[in-house]
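To keep things clear, I will list the structure first and then write my remarks on it.
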Amino acid sequence: MPTKPTSPFSQFDLYQALKQRKDWAYDFLYKELQHPFSYWVQRNSGTQMDAEDAFHKGLLNFLLNIETGKYQYHDNVKITTVIFDYCKKVWLNELASSRFKTQVPMPDSYNPANDIDLQRDLEQNELISQVRNAIHQLRGDCRQLIEWFYIDNLSIREIAELLSMKESSTKQKRYDCTEKLKHIYLKLTQQTQ
Amino acid sequence: MNSGQFERIEAYLHDQLSEAERRDFESELQKNSIFRLEVEAQKNLYTGFQALAIEKKLNDSKKRIQAQQTAESKRRFFVPNQWSVWSAAASVVVILGISWWAVNSFDSSKDIELSALVDKEMTDIQYKSLPFESLQNISKTAPSRIAREKAEWYVALVYLKKGKAKEANKILARIAQNPKHHYHLQAKRILQRL
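Same order as they appear, the protein sequences are chains A and B. Residues 0 to 192 in numbering that gives the first Met the number 0 are what the first sequence lists, from first letter to last. Residues 0 to 193 in numbering that gives the first Met the number 0 are what the second sequence lists, from first letter to last.
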């Protein structure tokens with residue numbers, strides 16, 4: 000179960016917790032924003048499924064921006080408001096895309112195509128999808144090791160125990176598997192260029 | 000690339016090199032294009048890993064919240080107690096009260112139509128949920144013009160909703176007279192219906 004802070008938390012606490020991927024902070028965002036955002040999308044030419052997709056995409060990109068330092072903490076700024084606005088922009092971008100352009104009018108004067116930051120963030124989705132595909136092409140232990148080490152953040156010692164290997168061999172295997180993955184990834188990016 | 004180079008790149012990307020090591024690394028980056036490509040590929044992989052780790056956490060969180068909500072709704076459905084009976088009775092009283100108020104506030108079909116129109120215009124849930132005083136404040140002090148105009152528009156809509164046509168009219172007329180106002184056309188449209 001996520002460990003929630005015992006007293007009311009500040010915006011800075013929330014920012015730090017999101018940066019450290021604390022469960023309670025992620026849960027808080029879902030509880031606070033999912034329904035209002037879904038309501039807003041459905042009032043703006045979308046379905047509940049569209050709302051879920053845009054919310055997920057928006058949250059993922061925004062949280063990545065927090066971790067990489069692209070989004071910095073500001074005093075007196077409510078993080079949920081910033082995230083809500085960010086997810087709105089993601090949906091407006093979807094509306095402006097070719098899938099919807101001919102069907103529905105834009106509900107706001109905001110033009111997502113001119114929002115360079117947003118477009119750059121959304122371009123990252125392509126990179127994420129290529130890395131995901133590359134991992135899927137890895138086989139057996141290698142794929143498992145990569146997921147344990149880089150996604151589940153297990154230590155080399157923990158992975159060595161799980162694979163019944165020596166720590167030194169696991170360390171070497173981590174290097175070999177990451178190299179394999181890099182080759183697959185580069186091949187995939189060359190195919191799409 | 001050998002494992003030593005791999006670890007050096009990793010240390011650079013995780014900001015774990017000393018000042019001198021970092022300078023050497025960056026100087027090599029500038030001179031050596033193959034090395035630059037290696038670093039770029041490794042950097043992209045780490046960004047991907049980071050995003051996939053966040054995504055996994057997000058999916059876990061979504062499942063937790065859904066499970067909580069399902070449990071909550073089951074509990075509400077299967078355990079009727081005196082409190083829920085009383086709250087149901089209270090809801091009926093509140094609904095009757097609201098209906099009485101609605102009938103008295105909008106005593107003609109035109110008013111009801113207007114109320115529906117106001118609801119339709121209030122598409123921004125954040126502005127809609129702001130206290131009236133905050134809206135008034137934003138309409139005067141927000142740094143961006145669009146935020147001020149949007150808040151001003153919502154102030155007029157709230158006045159309409161409260162049945163204060165005179166106050167609403169005054170603001171709507173001001174907005175309608177200003178062709179540069181973001182809600183100029185909407186205000187005109189509502190004024191025609193008033």
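For every residue, glycine included, the Cβ atom is placed at its ideal position computed from N, Cα and C. Being a predicted model, the structure only gives us computed values, none of them experimental.
Proximity below 8 Å, CB of residue i to CB of residue j
{"i": "B/Arg144", "j": "B/Ser138", "result": "no"}
{"i": "A/Phe83", "j": "A/Phe36", "result": "yes"}
{"i": "A/Ile150", "j": "A/Leu137", "result": "no"}
{"i": "A/Ile134", "j": "A/Phe148", "result": "no"}
{"i": "B/Leu193", "j": "B/Asn177", "result": "no"}
{"i": "A/Trp90", "j": "A/Ala53", "result": "yes"}
{"i": "B/Gln185", "j": "B/Glu120", "result": "yes"}
{"i": "A/Glu125", "j": "A/Thr79", "result": "no"}
{"i": "A/Glu93", "j": "A/Asp26", "result": "no"}
Through-space distance from residue j to residue i, alpha-carbon basis
{"i": "B/Gln68", "j": "B/Arg74", "result": "10 Å"}
{"i": "B/Gln41", "j": "A/Glu160", "result": "27 Å"}
{"i": "A/Gly45", "j": "A/His34", "result": "14 Å"}
{"i": "A/Asn132", "j": "B/Ala50", "result": "13 Å"}
{"i": "A/Cys141", "j": "B/Asp118", "result": "56 Å"}
{"i": "A/Arg173", "j": "A/Gln123", "result": "25 Å"}
{"i": "B/Phe105", "j": "B/Leu113", "result": "With a pLDDT of only 47 at B/Phe105, under 50, the local geometry of the prediction cannot be trusted, and no value is derived from it."}
{"i": "B/Leu190", "j": "A/Val130", "result": "55 Å"}
{"i": "B/Tyr126", "j": "B/Val157", "result": "11 Å"}
{"i": "A/Lys18", "j": "A/Ile127", "result": "19 Å"}
{"i": "B/Asn136", "j": "A/Ala16", "result": "32 Å"}
{"i": "B/Tyr45", "j": "B/Ala19", "result": "24 Å"}
{"i": "A/Tyr72", "j": "A/Asn60", "result": "16 Å"}
{"i": "B/Arg7", "j": "B/Ser26", "result": "14 Å"}
{"i": "A/Gln171", "j": "A/Ile183", "result": "19 Å"}
{"i": "A/Arg20", "j": "A/Phe8", "result": "16 Å"}
{"i": "B/His13", "j": "A/Lys69", "result": "16 Å"}
Status (buried if at least 16 other CB within 10 Å, exposed otherwise) for residue i
{"i": "A/Asn43", "result": "buried"}
{"i": "B/Asp23", "result": "exposed"}
{"i": "B/Leu171", "result": "buried"}
{"i": "B/Asn43", "result": "buried"}
{"i": "B/Gly47", "result": "buried"}
{"i": "A/Leu65", "result": "With the sequence shown as reference, residue 65 of chain A is identified as Ile, and Leu is not the correct amino acid for it. When all chains shown are included, A/Ile65 counts as buried."}
{"i": "B/Lys161", "result": "exposed"}
{"i": "B/Pro130", "result": "exposed"}
{"i": "A/Lys88", "result": "buried"}
{"i": "B/Lys163", "result": "exposed"}
Chain-ordered neighbours of residue i on chain E, where CB pairs are closer than 8 Å
{"i": "B/Ala52", "result": "Here chain E cannot be found, since the structure's protein chains are A and B."}
Problem set entry | Contact list for the segment 26 to 50 of chain B against chain A, Cβ threshold 9 Å | Leu36, Glu37, Ala40, Gln41, Asn43, Leu44, Tyr45, Thr46, Gly47, Phe48, Gln49 and Ala50
For this session: Residues of the segment 127 to 144 of chain A with a CB closer than 9 Å to any CB of chain B: list them in chain order, please.
Result: Ile127, Ser128, Gln129, Val130, Arg131, Ala133 and Ile134
For this session: Scan the segment 54 to 73 of chain B for residues whose Cβ lies nearer than 7 Å to a Cβ of chain A and list them as they occur along the chain.
Result: Glu54, Lys55, Lys56, Leu57, Ser60, Lys61, Arg63 and Ile64
Exercise. Relative to chain A, which residues along the segment 2 to 28 of chain B have a C-beta separation below 7 Å, given in chain order?
Worked result: Ser2 and Phe5
Exercise. Which residues, in order along the segment 164 to 176 of chain A, keep a beta-carbon less than 8 Å from a beta-carbon of chain B?
Worked result: Gln171 and Tyr174
For this session: Anything in the segment 23 to 52 of chain A with a Cβ closer than 7 Å to a Cβ of chain B? List those residues in chain order, please.
Result: Tyr25, Asp26, Tyr29, Lys30, Pro35, Tyr38, Trp39, Arg42 and Asn43
Problem set entry | Members of the segment 63 to 75 of chain A near chain B, C-beta cut-off 7 Å | Residues of the segment 63 to 75 of chain A with a C-beta less than 7 Å from any C-beta of chain B: Leu63 and Glu66, listed in chain order.
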